[in-house]
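Below: the structure, in structure tokens.
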Amino acid sequence: MGLTKTDFMRGIQCPKMLWLDKHKPGLRVIPPEVRARLDAGNDFGDKAMGMFGPYEEMTVYLPGSTIPDKKKMAAKTALHIELGTPVICEAAFIYYNHYCAADILRKTDTGYDFYEVKNAPEVHEQFIKDAGFQFYIMDRCKVRIGKIFIVTHGPDEGDPFVPVEITEKAKAYAPWVNERIWDLNRMQKEREEVEAEPGEQCTHPYECWYYGYCHGEKCKAAEQISMEGLLGL
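What follows is the structure, encoded as structure tokens:
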């Protein structure tokens, strides 16, 4: 069991959140407005795949489900990189069981540029950290990544995709990722529930889906939802 980019980002916000995702996911309470925002983000990401014209999508599902088959996706991605496919979407990589699926890779003379799509009007620091995690995985998988962009949602709905370059900042996060990824991976496997005092991390940068549980409120059991399916990993 390794970490996906979602696991990592949630674990960075609060280690207990990551542990609950793995051991008590039925305690999640996802507000309808959050679910709607996630769905809108997935729709925006799907549309962005064609921003550079024809592309090859790497998504492969486990039989009879909507759960990504990570190993098959990684193998398919490796083949297309070897072939030099110009635009690869949902490009999957596995490094010591840690996993990411990059939204868009675009071929250059020296390798690939990486585009992370976010349904937001501006770039936030957590987006750069997210891209930094993915760069770390791809770099460890020996993929030559040149420039890195966050694709924001611009005001022109006819062409809403606005790439913002974040190369230096994202790549600078690689050592930070390496310092934390192994500890978080060990922590998520602990049998005993991880303890964390409620604080700013409960609502920043996102409100935790276990807020009621950790604050002693009576919570309804949430639907059993695959995190990776929900966030499109």
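If you're matching positions, the sequence shown starts at 131 in my numbering and goes up one per residue. Every residue gets a Cβ at the ideal spot worked out from N, C-alpha and C, and that includes glycine.
Beta-carbon proximity list for F138, same chain, < 7 Å, skipping 5 on both sides: Once the five neighbours on either side are set aside, the close Cβ partners of F138 are F263, I311, L314.
What residue range is occupied by the uninterrupted alpha helix (DSSP H) comprising E255? It spans 255 to 270 - the alpha helix (DSSP H) in which E255 sits, taken as one unbroken run.
Can you have a look at G141 and say buried or exposed, based on whether 16 or more other CB atoms are within 10 angstroms of its CB? Within a 10 Å sphere around the beta-carbon of G141 sit 16 or more other beta-carbons, which makes this residue buried.
If you scan the segment 188 to 266 from start to end, which runs of the beta strand (DSSP E) of 3 or more residues do you find wholly inside it? Counting whole runs of 3 or more residues, the segment 188 to 266 contains the beta strand (DSSP E) stretches 217 to 225, 228 to 237, 242 to 247.
Do H228 and I267 count as a contact pair if the criterion is CB distance below 9 Å? Their beta carbons are under 9 Å apart, which means I267 touches H228 by this criterion.
For Y340 and M147, the rounded distance between their alpha carbons: A straight line joining the alpha-carbon of M147 with that of Y340 spans about 7 Å.
Within 10 Å of its beta-carbon, does E369 have 16 or more other beta-carbons around it, so buried, or fewer, so exposed? Only positions 131 to 363 of the chain appear in the structure, and residue 369 is not among them; the question remains open.
Y225 and I258 look like a contact to me (Cβ under 8 Å); what is the Cβ gap, rounded to whole Å? 20 Å between Cβ atoms; not a contact.
Ordered along the chain, which non-local residues of its own chain (more than five positions away) have a Cβ less than 8 Å from that of F265? Taken in chain order, the residues that qualify are F244, I275, I278, A300, K301, Y303, A304.
Burial state of A204 (16 or more Cβ within 10 Å): Taking a 10 Å sphere around the C-beta of A204, we find 16 or more other C-beta atoms and assign the residue as buried.
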